[in-house]
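Following the working numbering, the numbering of the sequence shown begins with 1141 at its first residue and continues without gaps. Report on the structure given below.
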Amino acid sequence: MLEYFHTMSANFTAVFLVGIAVVVMLWASHFVRALSKNRSGVFRPIYLPYTLYTVFISLWILSNAYFQSDLLVTSSAQTTLVMALLANVFSGLAFALAYLFSCRLMSEREGLKLKRRQWLLFGVTCVVILVTNAIPEANITHVDVYDIGDFLIHFGPASGAFFGILLLLVVLTLVNFIRSSRSPQRLKKVKASYMVIGMVGFILSTFLAHFLIPVLFNDFSMAWVPPALSIIEAIMVGYALLHNRFYSSRYIVMVSVSFIANAALYVTPILFIGMQQFKQATLLIVAWTLLTGVFWPTSLALIRRAVNQLLYRKQGNPVESICNLIGEFRYSTDEAVVKLNHVLNAKDGRIQKVGNNAETNVFVSCFQGDRSVLVREELEYQIRHDKSDDCESLTSLAKEMGNTGTSLVLPITNEKSEVTHLYMVSKQNENELFSSEEIMGLQRLFDEANRFIITEDKIRKSQVLAGSIAHEIRNPLTKIKYHFERIDADMFNVESGSISPFASHDMKKIYQELAEGQKAVQLGTRFIDAILDELRGEGIKTEVFEHYSVEELTRQVLSDFSFYSDNYRGRIHLSVKNDFIFKGSDTLFSFMLFNLLKNAVHYFEAYPNSQVNIHFKKNGEYNELHIVDTGPGISVDHQAHIFDDFYSHGKEQGNGLGLSYCMRVMQSFDGNIICRSLPEKYTEFVLYFPSVNEQLYDEETKGIVSSYLEEKSIILVGDSHASHWLSSELRIMAKNVHIAADIEAGISHACQHPVDILVIDSALIIEGSNLLQALRAGDLGHDLQVTPIIRYSSEVTHEHHRILSSADLIQGEIEGINNRFALHRSLENLIDEGRFAKLGSLIGKRVLVVDDMQVNRLLVQAYLTSEGVIVNQAVSGEEAVTKVTAESFDLVLMDIHMPGMGGIEAAQQIRALSDTTIIVALSGEYSEDTRSSIESAMHDHLVKPTTKQQLIKTLTKWLATKKHLVDDAQRQA
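Here it is in structure tokens:
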């Protein structure tokens, strides 16, 4: 045994080099097998030069092993000279093939063809290598041998040409790799980086051992180092060529160091035992080998844990960090995905249920074979370098992933190995690739977490069932709403929300009851929306929040609230001072105020002197809305619990959810709500809203208004302080503003010059009503007849409202006189509501109403026909597509869920037929998936049952005043 170890130690370098050569040969044979199978992802013009390169590298290593073995001292001088020349030939041809391979890698031509000068250089190099080493004493004259590994090579006159051209090849090869590492393709860049690292190490070792040290010190003892290190270069280049997915450098270091340290732990005792003169050395080595097999996994795990802690600190390596999130899926898939995206440094990561939309169907079929994950960069590289039969399908996949902004798609399967969900994600940094350990961690994670995801999906289905019940309640409410509208139209024909002052007392009473019933139905549908959101587990959607004026919304709530009598309405007092802007939801704000008002009004009968006062306060960090009632008050004990779920006191039919929901709403606004009360004195609710940068918000609003008014011609009629202030503000935003002292002068100017908008002081409307009625009657021409008239005033009077409602002369009102912020918001609202549009702008427009419920179609038709819109109906998606094919429509109102073809599919087919037809969703459901589908297939969305005001506003937006939005939407599509 001792003699064996001595023999091995004397020829250790030679044995080491032979081992390396064998490894490289095995690596080359692996390439040959891959070449014969035309392995996916590798193109043969790249594959073949590298395979030959590895063969010559292994032969070069074997030839160098000769100089490190005892064959060097036992062979003849001629044999040694031949071996030195063969070493030169093998290394030269290896370098030439490496250059050829790098040129293939950089080629942008069809089939990766090389340029003529590249072939010429390759051919000249091969000739120089063979000729300089074939001619006797041209490259090497003789070799002086002193001992194993100790020799001196004497070079001939052609050695300069030989080594010079090799150095040129090495430099050009390195340049090609560096250029490849700058490729816009991220995967190609990573591959080239691996090759550059391997090549740089090999070049440096070759330069030191084969050039610098022999020339300066005449020492060839380190000549075996470059061949030994060539295995690193060969394997790194080959690994980069064969694989499209890579481990990060830290993970490679962790695995390598752990394995080497663990191997050293067991190999060191064996070497020690072998070098000692123990009688039972063989038995000890066998025993230690058995112990190694038993304890190897345990010690490796311990060492790996320590190295992992050293390299990754507390967060651990990516595989562990990802797998540690399995427990998070027990509670919430959505929250777990958020944490997973954070660990991956990813954006837009989501779990998509298979079958919910068309994009998932494209990917599912790819996982039927042995493909376990889709990575866009891998597909793009494979398309570029692989000419296989499925290249067309791979191109479609890569294009679809690009369209959805997805870099990685991972299947999630059930217990039957059926793909039920897809995890679709992309990196936050677009230049960063998913590493192999991240993908491995994701696969392990979803192998365990899939059962939680599927279980949660079943729970959501139950919630959908409950939501469907709430959804179906919409239908009778819609029917009631329709009949209310028919009664309103047939008996009262009121358009402005106020009955004629000449109606009888009984008619006014009936109309008031009708109006209250309409408000109750509308309020009921809003509460159904909130219920559906809660059932879906969506909670409050902060992403749809917008900016609102607290004064405007509070006025709207008081207008919509169903008071039991005028006496009740008169006991509500609103102070509009200190108006402020907040970011939130108008619907949720209305819910809160409805609930707080309902609680206060509940005690009006028992406390006949009770009043409700609403006022605002503007502070630094938070602005406040105060609602104070002088009713029974709330005891201190009850105040501590009034915002708890299901806590109710003082009302027999209360469910205890109203105030708790108010708290959730205010928290979603990033605010708060508190209660102060003294029994038998008062109750005060204070709503705290985060302050908004009103200056910045106003600049945005002003920009919107200016872009709309800049080309408009405006006549401003009035001769008061308010008129002068308003004219100066309008001239900042509109280029053409003419001032007239009275209505006659203003209309006279309008008859001579084109005008888009008439803005009239409220104080002049009464005295000029005859002239305005003549204008509306068409006596002054069609252009003025359809010109919108907007009034303004520093104060609102009852008389003005009566004229506005009875004569239907005025299209809107500019509010916020002497308040620049309020003015800009008012103008923006008028623009959004289509108040500046020419009258009758919807007359003759053709609209297709698609809904499987007749009452829904009739209600929408009743709204639209009163505006002169030509309405056609369809009961299904199929019928809608057929009608759009046969005739032209300006706009389609589309229900989402219908028997047969649904609204989304119908919308997609209609948009394929006509780019100019606007499609607006009219649906009672607005879940996250539905919203996403609507945004991709349609232009806008209305929640049904909608109001006439909302419907006309949306049609005006798309068909009259904002046609540029159509063009923008089409460009985005």
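By construction, the Cβ of each residue, glycine as well, lies at the ideal position given by its N, Cα and C atoms.
Do you know whose CA, among the options, lies nearest residue i's CA?
{"i": "T1438", "options": "L1405, S1461 and R1470", "result": "L1405"}
{"i": "D1284", "options": "P1297, F1230 and Q1218", "result": "Q1218"}
{"i": "K1875", "options": "E1851, L1963, L1912 and K1598", "result": "E1851"}
{"i": "A1403", "options": "W1428, R1390 and F1235", "result": "W1428"}
{"i": "V1857", "options": "E1884, H1766, E1839 and S1231", "result": "E1884"}
{"i": "L1314", "options": "E1373, R1173, A1168 and F1295", "result": "E1373"}
{"i": "P1830", "options": "S1808, A2077 and L1799", "result": "S1808"}
{"i": "L1451", "options": "S1398, V1477 and R1516", "result": "S1398"}
{"i": "L1442", "options": "L1431, I1410 and A1401", "result": "A1401"}
{"i": "I1410", "options": "L1430, I1392 and S1396", "result": "L1430"}
{"i": "E1834", "options": "T1727, T1422, F1961 and I1814", "result": "F1961"}
{"i": "L1765", "options": "C1815, Y1837, H1778 and I1774", "result": "C1815"}
{"i": "S2076", "options": "T2086, P1458 and R2051", "result": "R2051"}
{"i": "G1542", "options": "I1680, E1558, P1551 and V1515", "result": "V1515"}
{"i": "G1304", "options": "Y1334, D1290 and V1264", "result": "V1264"}
{"i": "E2137", "options": "I1552, A1917 and E1839", "result": "Past the boundaries of the shown model lies residue 2137; the chain is included only from 1141 to 2113, so the question cannot be answered."}
{"i": "S1557", "options": "I1425, H1294 and N1590", "result": "N1590"}
{"i": "A2047", "options": "E2027, M2078 and R1385", "result": "M2078"}
{"i": "R1445", "options": "V1899, Q2090 and V1459", "result": "V1459"}
{"i": "E1691", "options": "N1707, N1763 and D1706", "result": "N1763"}
{"i": "I1201", "options": "R1173, F1230 and S1705", "result": "F1230"}
Would a C-beta distance cut-off of 8 angstroms place residue i and residue j closer than the cut-off?
{"i": "A2061", "j": "I2092", "result": "no"}
{"i": "L1240", "j": "P1189", "result": "yes"}
{"i": "I1854", "j": "L1866", "result": "no"}
{"i": "A1298", "j": "T1272", "result": "yes"}
{"i": "L1999", "j": "V1926", "result": "no"}
{"i": "S2114", "j": "G1771", "result": "No answer is possible for residue 2114: the residues shown for the chain start at 1141 and end at 2113."}
{"i": "K2088", "j": "N1996", "result": "no"}
{"i": "I2010", "j": "G1974", "result": "no"}
{"i": "H1964", "j": "T1841", "result": "yes"}
{"i": "V1805", "j": "I1721", "result": "no"}
{"i": "Y1391", "j": "N1485", "result": "no"}
{"i": "S1730", "j": "V1697", "result": "yes"}
{"i": "T1823", "j": "D1769", "result": "yes"}
Assuming residue i and residue j make a contact with CB atoms under 8 angstroms, what is their CB distance in whole Å?
{"i": "L2082", "j": "T2094", "result": "6 angstroms"}
{"i": "L1904", "j": "I1887", "result": "In fact, because the Cβ distance is near 11 angstroms, the residues do not count as touching under 8 angstroms."}
{"i": "R1244", "j": "L1254", "result": "7 angstroms"}
{"i": "V1989", "j": "L2053", "result": "18 angstroms between Cβ atoms; not a contact."}
{"i": "L1562", "j": "A1538", "result": "That pair is no contact at about 16 angstroms."}
{"i": "N1279", "j": "F1302", "result": "5 angstroms"}
{"i": "M1394", "j": "N1448", "result": "6 angstroms"}
{"i": "S1860", "j": "D1901", "result": "6 angstroms"}
{"i": "V1477", "j": "I1462", "result": "Contact doesn't hold; Cβ gap of about 12 angstroms is too wide."}
{"i": "L1970", "j": "G1952", "result": "5 angstroms"}
{"i": "F1783", "j": "M1803", "result": "5 angstroms"}
{"i": "I1593", "j": "I1491", "result": "6 angstroms"}
{"i": "S1566", "j": "K1487", "result": "6 angstroms"}
Which residues does DSSP list as the beta-bridge partners of residue i?
{"i": "M1803", "result": "In the DSSP output, where bridge partners are listed per residue, M1803 has none listed."}
{"i": "M2041", "result": "M2041 is not bridged to any residue."}
{"i": "E1686", "result": "G1724"}
{"i": "T1823", "result": "D1769 and S1817"}
{"i": "S1909", "result": "S1909 pairs with nothing; no bridge assigned."}
{"i": "N1753", "result": "H1713 and V1768"}
{"i": "F1783", "result": "None, per the DSSP bridge assignment."}
{"i": "H1878", "result": "I1855"}
{"i": "K1493", "result": "H1561"}
Got a sec: is the Cβ-Cβ distance from residue i to anything in chain B below 8 angstroms?
{"i": "V2011", "result": "The chain inventory of the structure shown lacks chain B, comprising one protein chain alone."}
Please indicate yes or no: does the CB of residue i lie closer than 7 angstroms to some heavy atom of the ligand COA?
{"i": "Q2049", "result": "Absence of the ligand COA from the depicted structure is noted, as is the absence of any ligand whatsoever, leaving it without description."}
Problem set entry | Runs of alpha helix (DSSP H) wholly within the segment 1945-1981 (minimum 4 residues, chain order) | DSSP runs (the alpha helix (DSSP H)) wholly in the segment 1945-1981: 1960-1972.
Problem set entry | Inside the segment 1435-1490 only - alpha helix (DSSP H) runs reaching at least 4 residues | If one requires a minimum length of 4 residues, the alpha helix (DSSP H) runs lying completely within the segment 1435-1490 are 1458-1463 and 1473-1484, in chain order.
Exercise. In the segment 1526-1574, which residue ranges form an unbroken alpha helix (DSSP H) of at least 4 residues, counting only runs that do not cross its ends?
Worked result: Runs of the alpha helix (DSSP H) inside the segment 1526-1574: 1531-1543.
Problem set entry | Ordered list of beta strand (DSSP E) runs contained in the segment 2058-2100, each at least 3 residues | As far as the segment 2058-2100 is concerned, its whole beta strand (DSSP E) runs of at least 3 residues are 2058-2063 and 2080-2083.
For this session: Would you mind listing the alpha helix (DSSP H) stretches within the segment 1201-1275 that are 4+ residues and don't spill past its ends, in chain order?
Result: Correct list: 1211-1214, 1217-1246 and 1256-1274.
Problem set entry | beta strand (DSSP E) runs wholly inside the segment 1290-1319, at least 3 long, in chain order | Considered as a whole, the segment 1290-1319 harbours 1290-1295 as its complete beta strand (DSSP E) runs of no fewer than 3 residues, in chain order.
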